[in-house]
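End of the sequence shown sits at 137 in numbering that gives the first Met the number 0; the numbers just go up one at a time, nothing left out. Think of the CB as a built atom: it goes at the ideal place given N, C-alpha and C, for glycine as much as any other residue. Just below is one structure, and these are the notes that go with it.
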Amino acid sequence: MSGKGGKGGKGGKGGKNGQKAGKNDAPAVPKLKALKNVTVPVGQKTVLKCELFAGGKQTKIEWYLNGKKIDNNPTRQIKMKKKSRRTISELTLMKATESDGGKYTCKAINDQGEDSAHADVIVNKGKSEIKKDIILSK
């Protein structure tokens, strides 16, 4: 009798499949990949990428500059992309200005919790502006 009686065994296919589908649909605590610090010249376009690798479909991603929420606008554009099982939020600074410099935070939020990643953006002034600062300081 041993080996042939499969009906009473552990882990029938129906139970495992049901559990897997439930895990994929249920939100988990969000997890973000670390952001990279960026140095960009004035007037240059730059992109910050925030990658969510856990959290589920209901996870909301928000961007902040020095603690203030960034809204999608012509100078700072936010786009969401799906890549395999990951979601990527891209913040594009169309033409960096000095006011774009600071600490950027990408925050992922859902019912299970939140996670955040940070990056510093340094906007370099043009050569003519640096010369003016030197003249003014003498």
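Is the separation between the beta-carbon of GLY42 and that of ALA95 shorter than 8 Å? yes
Who are the near neighbours of CYS105 in its chain, counting only those whose CB is closer than 7 Å to its CB and skipping five residues on each side? LEU31, LEU34, CYS49, ILE60, TRP62, SER88, SER115 and ALA116
Determine the extent of the beta strand (DSSP E) in which LYS102 is found, giving its start and end residues. 101-109 is the extent of the beta strand (DSSP E) around LYS102.
Outcome for THR74 when other beta-carbon atoms lying within 10 angstroms are tallied against a minimum of 16: exposed
Near GLY8, which residues of its chain fall below 6 Å by C-beta distance, leaving aside the five closest residues on each side in sequence? Confidence at GLY8 is low in this model, with a pLDDT of 43, below 50, so its placement is unreliable and the value that follows should be read with caution. Hits under 6 Å: none found.
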